[in-house]
Amino acid sequence: QSAKMAALMRNAAIRMTPILRPCTYVMVSHRNGTLKRHKIEKQKVRTKIWVDYDMLHKVFNKVDRTHIDRVGCERAAAEWLTRCGAAVRIQDVEEWFHNYNNLGTGPLGKFVIEEIDASWADIQAEGFDYLDGLKAVRTVKFSRCPYLQDACLERLAPLSHSLHSLEITHCGEMVTDTGILALQQLKSLQRLRLADLPGVKDPEGTLQTLQSALPACFITADLEQTEAEGLTG
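Basically my numbering = 1-based index in the sequence shown + 6.
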């Protein structure tokens, strides 16, 4: 668990350093008087910045309705996902977009998200409103998402008409039986993979209920409390 957390923090640090480094320099230079004090103040500023990461993630996940109206729901969703560390692939383009600044521009109708890879992404429930209106998302992967919770899975409903493949793995204890059962709304789902979700306390019962609701979906589960795997209708 400590190794996972260390990797998560390194990933966040890499993404945020270009933003935070100028703040550190300005705050420290403005306060310092001597070299010794400079070092002390710099350490204090760094500590405060690390504590504020949760606040920054909340800012990244805040939905901007005005921006959605201006650039369209597909483009706005892609910006949200890549800003939070996920990657997207759009229709008729083989390349995956990981960088918010590399999404490019073009006609709104031509920018259609087809696949989402949210590995190590800092997506939160508030941001899932960006999924409203997406036309053709076929594949979604949630892996090692520290903020993923039941409310996120409940907000996948806008993708129910197109989503064929879903993976939820190594996402901590905030994903529970309630969140997994919410996947019953994804009637077009053909493949579902679940693994390492310690918040799911009754995997056998939950998987049976889910399989009954989605008889055409091939479900593989590698959950700590059960050896259930390869359930099919």
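Note that the Cβ used here is the ideal one computed from N, Cα and C, for glycine as well.
Nothing here was measured: the structure is a model prediction, and the numbers come from that model.
Same chain only: Cβ atoms within 8 angstroms of residue i, ignoring 5 sequence neighbours per side
{"i": "Ser194", "result": "Ser166, His167, Ser168, Leu169, His170"}
{"i": "Lys54", "result": "Since pLDDT at Lys54 reaches only 46, below the 50 mark, its modelled position is unreliable, and no value is offered."}
{"i": "Arg89", "result": "Phe66, Tyr106"}
{"i": "Asp156", "result": "Met180, Val181, Thr182, Thr184, Gly185, Ala188"}
{"i": "Arg161", "result": "Ala131, Phe134, Asp135, Leu137"}
{"i": "Ala142", "result": "Gln97, Val118, Ile119, Glu120, Ser168"}
{"i": "Lys64", "result": "Gln130, Glu132"}
6 angstroms Cβ shell around residue i - same chain, five flanking residues per side excluded
{"i": "Gln191", "result": "Ala163, Ser166"}
{"i": "Asp228", "result": "Ala201"}
{"i": "Ala127", "result": "Cys90, Gly91, Ala92, Cys151"}
{"i": "Trp86", "result": "Gly133, Tyr136"}
{"i": "His104", "result": "Ala93"}
{"i": "Thr23", "result": "Note that Thr23 scores a pLDDT of 46, beneath 50, so its modelled location is shaky and nothing firm can be said."}
Anticipated Cβ contact below 8 angstroms, residue i with residue j, distance rounded
{"i": "Asp123", "j": "Cys79", "result": "Actually they do not touch by this definition, with Cβ atoms about 19 angstroms apart."}
{"i": "Ile129", "j": "Asn67", "result": "7 angstroms"}
{"i": "Thr215", "j": "Leu187", "result": "6 angstroms"}
{"i": "Ala82", "j": "Val94", "result": "Actually they do not touch by this definition, with Cβ atoms about 12 angstroms apart."}
Inter-residue spacing [alpha-carbon to alpha-carbon] between residue i and residue j
{"i": "Val2", "j": "Ser125", "result": "Residue 2 is absent from the structure shown; the chain starts at 7 and stops at 239."}
{"i": "Arg144", "j": "Glu121", "result": "6 angstroms"}
{"i": "Gly250", "j": "Ser149", "result": "Residue 250 falls outside the range modelled here, since the chain spans only 7 to 239, and no answer is possible."}
{"i": "Cys177", "j": "Val146", "result": "14 angstroms"}
{"i": "Phe117", "j": "Thr72", "result": "18 angstroms"}
{"i": "Leu140", "j": "Ile96", "result": "11 angstroms"}
{"i": "Leu172", "j": "Cys158", "result": "13 angstroms"}
{"i": "Ala219", "j": "Thr212", "result": "11 angstroms"}
{"i": "Thr175", "j": "Glu101", "result": "24 angstroms"}
Residue i beta carbon near the ligand GDP (any heavy atom closer than 6 angstroms)
{"i": "Leu200", "result": "The model depicted lacks the ligand GDP and carries no ligand whatsoever."}
Those residues which DSSP pairs with residue i across a bridge
{"i": "Ile174", "result": "Phe148, Leu200"}
{"i": "Thr215", "result": "DSSP lists no partner for Thr215."}
{"i": "Thr226", "result": "Arg199"}
{"i": "Ala92", "result": "Paired residue(s): none; Ala92 is not in a bridge."}
{"i": "Ile119", "result": "Ile96"}
{"i": "Ala124", "result": "Phe148"}
{"i": "Phe103", "result": "Val94"}
Contact check, residue i vs residue j, beta carbons under 7 angstroms
{"i": "Glu179", "j": "Pro204", "result": "yes"}
{"i": "Phe224", "j": "Arg199", "result": "no"}
Own chain, CB closer than 7 angstroms to residue i, minus 5 neighbours either side, in chain order
{"i": "Val69", "result": "Glu132, Gly133, Asp135, Tyr136"}
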